[in-house]
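Trainee: Let me give you the structure first, and then I'll get to my questions.
In the numbering used here, the protein residues as written are 253 to 340.
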């Protein structure tokens, strides 16, 4: 009489063989995942600030007198402490 799959997996050695045989599949799925890289200040945030904020909010810009981003009091006023961000 043939054993059912459930009966087969109930045997300790068979279970161990089954678990070991699944590791290549699990490893392949983990290595092939399409997760985007983690966001970093230097790579993702800084270029946006340099492109969209620096021209107007730093010395010589049209908004510098009203909101100078190179002064800590402006940053505190806006509720963001950019100078604590890791520039790397």
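Heads up, the beta-carbon is just placed ideally off N, CA and C, and yes, glycines get one too.
When DSSP labels each residue in this structure, what does residue 304 get in the three-state scheme?
Mentor: Helix, per DSSP.
Trainee: Decide if residue 293 is buried, meaning its Cβ has at least 16 other Cβ atoms within 10 Å, or exposed.
Mentor: exposed
Trainee: Grab me the residues of residue 314's own chain with a C-beta within less than 8 Å of its C-beta, minus the 5 sequence neighbours each way, in chain order.
Mentor: 308
Trainee: Excluding the 5 residues flanking residue 329 on each side, which residues of the same chain have their C-beta closer than 7 Å to its C-beta?
Mentor: none
Trainee: Expressed to the nearest angstrom, what Euclidean distance is found between the alpha-carbon atoms of residue 257 and residue 269?
Mentor: 13 Å
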